[in-house]
Amino acid sequence: MGNTNFSITCETEARDRPLSAIRVRRAAGDPRRGWLTADGWTIPVALGRGGILANKREGDGGTPRGTYRPLQLWWRADRHSRPPTFLPVRPIRPEDGWCEDPKDRHYNQPIRLMREEAGDRLTRDDHLYDFIVEIDHNSAPRIAGRGSAVFLHLARTNFSATAGCVSMTKSAMLRLLRRMGPQTKIIIG
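Residue 825 is where the sequence shown starts when you use our numbering, and the numbers rise one by one after that.
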């Protein structure tokens, strides 16, 4: 009998693996606009009305400088089919919201909102939150007043400034989601 040992090697294309890093930088001339670069492609993004800030505070409108990880994708299943991604995925329900009150013990965490309760409601009529990438800004540990609800989400048609998030077109978001995983670094600044 001859040697029956053999090896099968499977190579994956770069486009079939999660991105190692995404970089977000401000655009020249306007601190509320920026560029997101990933794997050789660059897309325009809107940033917070306060620009990119190293010392993020609740309500300052700044996009926090730093390196973050994506935690999960929240998406409007009532409007879109589930996008392909390496991230954990959660459909947005009508009662889903985000706590932005630094005095609340649930600060910078998802919460359930009743109809009349205040909070950042994730079901929006304007489609900005049809796809939300939750990142680990101010999450471990959570520090009251250091900023909440900082996401990657969809941009307004005029790319106007956000309250501190990074926003982009739907086509750019879907392209990014196909390559984003829990270990992808999001480098802002």
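Here a beta-carbon is modelled for each residue, glycine too, at the ideal position from N, C-alpha and C.
Residue i (DSSP reduced to helix, strand or coil)
i: Leu946; result: coil
i: Arg847; result: strand
i: Met992; result: strand
i: Asp840; result: helix
i: Leu871; result: coil
i: Leu998; result: helix
i: Arg1003; result: helix
i: Gly1013; result: coil
i: Asp920; result: strand
i: Thr887; result: strand
i: Thr866; result: strand
i: Leu952; result: coil
Cβ neighbour criterion (16 or more within 10 Å) applied to residue i
i: Asp803; result: What the structure shows of the chain is the stretch from 825 to 1013, and residue 803 is not part of that stretch, so it cannot be assessed.
i: Arg903; result: exposed
i: Pro915; result: exposed
i: Ile956; result: buried
i: Arg906; result: exposed
i: Asn982; result: exposed
Check whether residue i and residue j have beta carbons under 7 angstroms apart
i: Glu958; j: Leu895; result: yes
i: Gly885; j: Gly864; result: no
Counterpart residues of residue i in DSSP-defined beta bridges
i: His930; result: Answer by DSSP bridge pairing: none, since His930 is not bridged.
i: Asp854; result: Ala851
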